[in-house]
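Chemist: Below are the structure tokens for one structure; questions will follow.
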Amino acid sequence: MKKLRWIVPVAVCLMLMSFGLFEPLKGTWSNKNGQTIRFTKGNQCEWILNMEGRSDTFRITYHYEKTGKTSGILDLGPFDRGFLKGKTLYGIIEWSKKKDSFQYDAEPGKSEKVRPKTMNPDQVQVYSRQ
1 MKKLRWIVPV AVCLMLMSFG LFEPLKGTWS NKNGQTIRFT KGNQCEWILN MEGRSDTFRI
61 TYHYEKTGKT SGILDLGPFD RGFLKGKTLY GIIEWSKKKD SFQYDAEPGK SEKVRPKTMN
121 PDQVQVYSRQ
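Position one of the sequence shown corresponds to residue 1 (the UniProt record's numbering), numbered consecutively onward.
Following this line, the structure appears as structure tokens:
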């Protein structure tokens, strides 16, 4: 009987993983401003910018941490080129009720000190699951 004690916790973990609760960002998310973020395994992502007829893709790491029931932090970077070279986007995230979209507000910098404390309506980007 002692050998079977691990079955229930493992089954629960597998079930939660299948619902995406351990990796809520995994997949592709887009906003209305020509930005797409593709979150993959190993904390890797692609940030694809389509602006003014040009497209650029940044392959970067990300760090996501849940801080509340519907909130968290999301850091993208560090960037190795472009206008964000040497910086990381330190951000906050707020999930929709259905978890099919999120609001994201971030500031570029070299330390977490630049992270916004609250959402700035003029800066917020809304991403929806694709």
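By construction, the Cβ of each residue, glycine as well, lies at the ideal position given by its N, Cα and C atoms.
If you're wondering where the values come from, they're calculated on a predicted model, not measured in any experiment.
Could you give the uninterrupted runs of the beta strand (DSSP E) lying entirely in the region 45 to 130, keeping only those of 3 residues or more?
Modeler: As far as the region 45 to 130 is concerned, its whole beta strand (DSSP E) runs of at least 3 residues are 54 to 66, 71 to 76, 88 to 95, 101 to 109 and 125 to 129.
Chemist: Leaving out five residues before and five after N31 in sequence, what residues of the same chain have Cβ atoms less than 7 Å from its Cβ?
Modeler: Hits under 7 Å: Q125, V126 and Y127.
Chemist: Can you have a look at D122 and say buried or exposed, based on whether 16 or more other CB atoms are within 10 angstroms of its CB?
Modeler: D122 comes out exposed.
Chemist: Let me make sure I understand the geometry here. Which of N120, T40, Q103 and K117 has the alpha-carbon closest to that of Y62?
Modeler: Out of N120, T40, Q103 and K117, T40 has the C-alpha closest to the C-alpha of Y62.
Chemist: I92 and I73 - do their beta-carbons sit closer together than 8 Å?
Modeler: The answer is yes: Cβ separation under 8 Å.
Chemist: Quick check: G120 and D105, are their CB atoms within less than 8 Å of each other?
Modeler: Here residue 120 is Asn; the residue named in the question, Gly, does not match the sequence. Yes, they are a contact pair.
Chemist: Buried or exposed for T118, please, with buried defined as at least 16 other CB atoms from any protein chain shown within 10 angstroms of its CB.
Modeler: Classification of T118: exposed, given that the 10 Å Cβ count is below 16.
Chemist: Can you tell me the Cβ-Cβ gap for K87 and P78, rounded? I've got them flagged as a contact below 8 Å.
Modeler: Right, the Cβ-Cβ distance comes to about 6 Å (below 8 Å), so this counts as a contact.
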